[in-house]
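Participant: Before I ask anything, let me first share the structure, which is written out below as structure tokens.
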Amino acid sequence: FVVWIFEFDCSNLMRCTGSKRWCEEEAYNEKQAEREARKREQATKKQKETTAELIDDEEEVHTLQLTAKRIELNRREFDLLDWSLNGARIFFKD
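This is the structure we're talking about:
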């Protein structure tokens, strides 16, 4: 009975965190696509960026880099947790 509850909790945890990670990755990909579209639009219009726009762009790049790093670290952490829980499940199997 306890093993069944443990398996249910683990699978529920992985499903919930997986969907949250998927949502975060989708939001990141959308922001990245918006940024690239803006850059292409400016390139086709051959507009020069103002200093304020360059600063905003630099901040946006920095934010996107930090977001990508956070997503990757969360993915690694939960992959390790999943691996550990699977090992515990094998160890405590009836």
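Oh and the sequence shown: position 94 is 94 in full-length UniProt numbering, straight run, nothing missing.
Note that CB positions come from ideal geometry on N, CA and C, so glycine has one too.
1) Assign Glu24 to one of three DSSP states: helix, strand, or coil.
2) Which class does Phe92 belong to by DSSP, given the choice of helix, strand or coil?
3) Is the beta carbon of Glu49 closer than 8 angstroms to that of Gln42?
4) Can you check whether the CB of Arg21 is closer than 8 angstroms to the CB of Ile90?
5) Please give me, in chain order, every unbroken run of the alpha helix (DSSP H) with length at least 4 that falls completely inside the UniProt domain "WASH complex subunit 7 C-terminal" (30 to 93).
Facilitator: The short version:
1) As a position in the sequence shown, residue 24 is number 24, starting the count at 1. Here DSSP, grouped into helix, strand and coil, assigns Glu24 to helix.
2) Here residue 92 refers to the residue found at position 92 when the sequence shown is read from its first residue. Here DSSP, grouped into helix, strand and coil, assigns Phe92 to coil.
3) Against the sequence shown, residue 42 aligns to sequence position 42. Against the sequence shown, residue 49 aligns to sequence position 49. Yes, they are a contact pair.
4) Taking the sequence shown and counting its residues from 1, one reaches residue 90 at position 90. Taking the sequence shown and counting its residues from 1, one reaches residue 21 at position 21. Cβ distance not < 8 angstroms, so Ile90 and Arg21 don't count as in contact.
5) List check, alpha helix (DSSP H) in window: 51 to 91.
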